Amino acid sequence: MTKSPVQFTLNGTETGVFVNGGANLLDVIRREAGDLAPKLGCAQGGCGACTVMIDGETHLACLTLAETVEGKRVETATSLANGPQLHPLQKAFVEGFAAQCGFCTPGMLMAAKALLDANPSPTREQVTEAIAGNICRCTGYEPIINAILTAAAELRGRISA
Amino acid sequence: MSSIEFRKDLFADERDDDLNEIGKPTIRQDIIGHVTGRTRFYDDYLFDGLLHMRCVRSPHHHARIRSVDFSAAERMPGVRRIIRPQDVPHNINTLLSLINFGRDDEQLLSTDKVSYMGEPILAIVAETERQARDAVHAVRVDWEELPHVLDVEEALIPDAPVVNPEYPNNTFDYHALYDHQKLRFGDVEAAIEKADFVVEGEYQMSPIEQAPVETCGAIAAPEQNGRFVCHTSTQALFFSLGTTAKQLDMPSSRLHFIGGTVGGGFGGKVDSHHEPLAVLGAVLTGSPVKYTWDRTEEMRVGAPRGAERWRLRDGVMRDGRIVAREFTGFFDSGAYTRLSSYAIIKGSGHLPGPYTIPNVASNVYCVYTNRTPATAMRGFGITGVDFAIECHMDKVAETVGMNPIELRILNAYRDGDMKAHRRLAKNTALIECCQVAAQKAGVPLSAEASAAKSSEGGGIGERADIPETITDDMGRIGDRRQREIPTEPFGGATNRGRVPAGTRGEAVVAAEVQDPEMQIDPTRIGHSVSQAAGTAAPVEPPRPVQPTPPPIPTPQPLTPPPAPVPAAPQPTRPQSAFADPTEASPAQSTPYRPDKPFQRGVKRPGVSSFISGTRRR
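As structure tokens, then:
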């Protein structure tokens with residue numbers, strides 16, 4: 020099988036890999052680039068565990084052809100923390116018990132990040148809508164929604180301060 | 376932020392007010408890994424040269440395998456190994472054999488027939504997942520479809536298709552004697568005759584898939600020194616380790632199992648089917664092998680919460696008191712036992728729900744059908760029957776024309792009441808729960824119901840008694856007659872029932888260890904129970920013999936008592952070193968007599984807590 024080169028920015032780092040034709044972005048991020056944050060839950064676009072941001076928009080990595088991210092900016096949950104400093108979203112998830120098994124968390128965080136980047140003051144309904152594509156089987160969603168609202172408030176506070 | 380509301384005024388005198396953590400968000404010790412994406416689930420361990428395993432599965436509910444032709448699959452690109460049933464060293468198991476409960480009834484890869492849709496018969500290991508999938512499609516199986524049965528009661532009809540050859544009556548054998556689990560407490564028939572109303576109801580649950588976001592799977596790889604490492608999604612690491620050791624006929628010291636990080640389990644990750652196959656793949660190919668379910672398999676092959684059908688019949692007095700309750704339960708185990716047999720034992724201990732009812736009887740059948748085998752899920756064995764009980768309580772309330780919350784308060788168990796499985800109720804709180812719920816819902820309660828308390832009025836007179844209990848033909852239930860029950864172990868008669876468990880009637884003998892590998896040498900773990908014992912070296916137990924008992928007539932639930940089931944011819948088992956503590960050592964020559972009554976549980980030396988009727992606290 021012929022492999023083609025793909026270059027993209029992964030979490031701020033220039034990355035180049037050779038991929039098989041038809042390879043999906045999730046496999047390439049996990050196995051070729053070695054970033055294990057996005058998870059494989061269903062490979063059908065149903066669960067959202069593989070959610071990443073491509074040029075600032077959420078995408079399901081399991082349904083994205085790796086070759087289509089050529090020259091683009093891909094971000095996973097690994098990009099959120101600044102060294103040991105957690106992102107306000109991560110901090111709110113930690114303090115609000117918004118993860119139990121943790122399998123959906125990296126995808127959930129990316130869906131939340133995309134929302135807050137686009138809309139710093141979301142309503143509860145908008146938060147619910149934004150994570151509607153991400154399935155969590157442990158928490159019952161309430162702590163996650165609360166954590167996202169808490170993080171939004173903190174981010175707004177930072178900007179106005 | 377917390378929406379929890381405390382009612383510390385309730386039971387204030389029963390405990391110190393030291394709830395420093397409950398109700399406050401706490402920091403999970405593993406959550407930093409979760410939010411930074413650094414938590415490593417089993418699939419986050421990367422191996423060079425990882426091979427992928429997929430299974431050939433049954434497209435039928437019930438079919439005989441005439442022949443399997445995998446010659447084309449073998450020649451497909453990337454295929455490294457076809458694993459056939461005969462490649463599995465010990466190709467028969469039941470999960471709970473590790474605690475000596477039930478007979479081996481399920482193959483890892485099936486040889487002769489399949490009993491549910493999706494049952495695996497062949498495993499294919501290839502270099503990529505895609506190649507493994509393609510090879511699976513290239514396998515030709517000649518199936519002979521058999522009649523199938525998908526309904527629990529149809530499975531009990533005498534000439535119903537035999538689902539599971541180990542249990543030819545389509546029911547699990549309880550205690551080598553019954554085709555169902557029994558509970559008898561008092562005399563239901565007599566009480567129902569005197570009751571003002573008889574309320575009957577039937578309730579049916581569906582199977583429920585646990586649906587974790589991470590599907591079940593395992594990666595196994597050869598390690599140094601002839602060991603194999605296995606990263607697994609299992610919820611039950613030692614079930615998986617023990618099952619793998621047994622099925623691969625391999626000492627567990629050669630297996631290095633790593634688990635504990637589970638991407639959601641909810642009960643669906645205890646069955647231990649992935650680990651034996653993944654390790655076997657690594658053994659046979661010498662390479663790392665991943666065996667994982669895709670989402671479709673997780674939903675269709677993954678064992679769900681078993682469906683249950685319950686029939687309840689209550690005897691109720693005009694004032695709302697329930698004087699008798701009778702259950703007939705059918706638990707859909709699917710094609711194999713897994714954990715359903717145990718779920719029923721657990722559920723029977725819960726009957727008749729959190730209510731004090733003086734006469735209770737129950738027959739629960741663990742039924743084999745050609746459905747996906749059922750397994751654990753959150754409170755399994757309890758949730759299903761609770762649904763039935765609480766629906767039925769509403770029906771009773773409607774019948775007697777009573778507020779359903781007041782009916783519950785009237786019949787609620789209270790501290791000191793005797794429950795149907797012969798343990799005293801302690802720390803009960805149903806009445807207070809009902810009162811708070813009524814207040815929240817704006818349901819007015821009578822003065823009497825509002826004043827009721829769980830800590831008052833319980834344990835008085837009959838409420839604390841074990842009633843005179845009917846025995847069946849075998850005389851096995853109800854042998855603890857009220858007037859013979861001593862307060863002190865082996866003491867005089869009284870009307871208060873506390874029986875030292877496992878100390879009356881026939882001696883309870885621990886079942887022997889099925890696999891000598893699993894035998895614990897008591898001297899190594901500091902037990903002195905059988906030091907001086909004539910501990911014969913553990914003998915290899917015979918491979919399970921297929922018992923073929925005569926056909927059994929359809930059981931008639933509850934009335935009249937079922938005819939005694941002829942015991943299946945049991946293969947003679949060798950005596951175990953743990954067999955009988957009374958014979959074990961000169962120091963144990965007098966029968967064991969506990970110094971405490973049943974209430975606290977009695978640990979009898981050398982006897983498994985699972986079978987002696989004792990309970991660890």
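Chains as they are written, first to last, in this note's numbering: chain A, 20 to 180; chain B, 376 to 992.
All C-beta atoms, glycine included, are put in the ideal place defined by N, C-alpha and C.
Every value quoted in this text rests on a predicted model; they were computed, and no experiment measured them.
In the three-state reduction of the DSSP assignment, T667(B) falls in the strand class. For A736(B), the CB contacts under 6 Å within the same chain, skipping 5 residues up- and downstream, are R559, V563 and E701 in chain order. Scanning chain B for C-beta atoms nearer than 7 Å to the C-beta of A56(A) yields G412, reported in chain order. Just measuring C-alpha positions, the residue of A85(A), M72(A), F112(A) and L105(A) sitting nearest T95(A) is M72(A). Remark: C-beta atoms of V637(B) and A653(B) do not approach each other more closely than 8 Å. Taking 8 Å as the CB threshold, L105(A) lines the interface with chain B. K801(B) is classed as exposed because its beta carbon has fewer than 16 other beta carbons within 10 Å across all chains shown. With respect to R439(B), E568(B) sits apart: the two C-beta atoms are not nearer than 8 Å. In terms of Cβ geometry, V38(A) and A85(A) form a close pair [threshold 8 Å]. Proximity of chain B to F116(A) at the Cβ level (cut-off 9 Å) is accounted for by P400, T401, I402, R403 and I406, in chain order.
At a cut-off of 8 Å between C-beta atoms, G639(B) counts as an interface residue with respect to chain A.
Residues of the segment 657-680 of chain B with a C-beta less than 7 Å from any C-beta of chain A: D669 and R670, listed in chain order.
Fewer than three pairs of CB atoms, one per stretch, sit closer than 8 Å, so the segment 109-124 of chain A makes no contact with the segment 42-55 of chain A. Restricting attention to A812(B), T774(B), T469(B) and A718(B), the CA atom closest to the CA of E380(B) is found in A812(B). Using a 10 angstroms sphere on the CB of R429(B), the tally of other CB atoms reaches 16 or more, which defines it as buried. Taking the CA atoms as reference points, Y491(B) sits about 39 Å from A130(A). For a cut-off of 8 Å, the C-beta gap from V739(B) to I719(B) is around 5 Å, short enough to register as a contact. The contact set of I154(A) on chain B, defined by CB atoms closer than 8 Å, consists of V588 in chain order. Of the residues R175(A), E33(A), C69(A) and L59(A), the one whose Cα lies closest to the Cα of C591(B) is L59(A). Per DSSP, the beta-bridge partners of L497(B) are V431(B). Around E598(B), the same chain offers V604 and H631 as residues with beta carbons nearer than 7 Å, after the five sequence neighbours per side are excluded. Nearest to G836(B) by C-alpha distance, out of T803(B), D790(B) and S825(B), is D790(B). In this structure, F572(B) places its C-beta atom within 8 Å of the C-beta atom of V775(B).
For R441(B), the closest C-alpha among the options L385(B), R515(B), F476(B) and A387(B) is that of R515(B). I178(A) sits exposed, since fewer than 16 C-beta atoms from the chains shown fall within 10 Å of its C-beta. In this structure, R713(B) lies away from T747(B), with their beta-carbon atoms at least 8 Å apart. Taking CB atoms only, R92(A) has no neighbour in chain B less than 8 Å away. Chain order gives the chain A residues near H409(B) as A118, G121 and T124, where near means a beta carbon separation below 7 Å.
When DSSP assignments are scanned along the segment 505-547 of chain B, the uninterrupted stretches of beta strand (DSSP E) that are 3 or more residues long and fall wholly within it turn out to be 515-520. Rounded to whole angstroms, the gap between the alpha carbons of L785(B) and D792(B) is 14 Å.
Inter-residue distance for F422(B) and T34(A) is about 21 Å (C-alpha atoms, whole angstroms).
Identification of chain B residues near Q145(A) by a Cβ-Cβ cut-off of 7 Å yields none; the smallest Cβ-Cβ distance measures about 20 Å. Taking 8 Å as the cut-off, the Cβ atoms of L44(A) and V88(A) count as close. For A100(A), the nearest beta carbon of chain B is closer than 8 Å to its own beta carbon. For H106(A), there is no enclosing alpha helix (DSSP H), as DSSP marks it with neither H nor E. Against chain A, the CB of F416(B) has a partner CB under 8 Å away; the residue lies at that interface.
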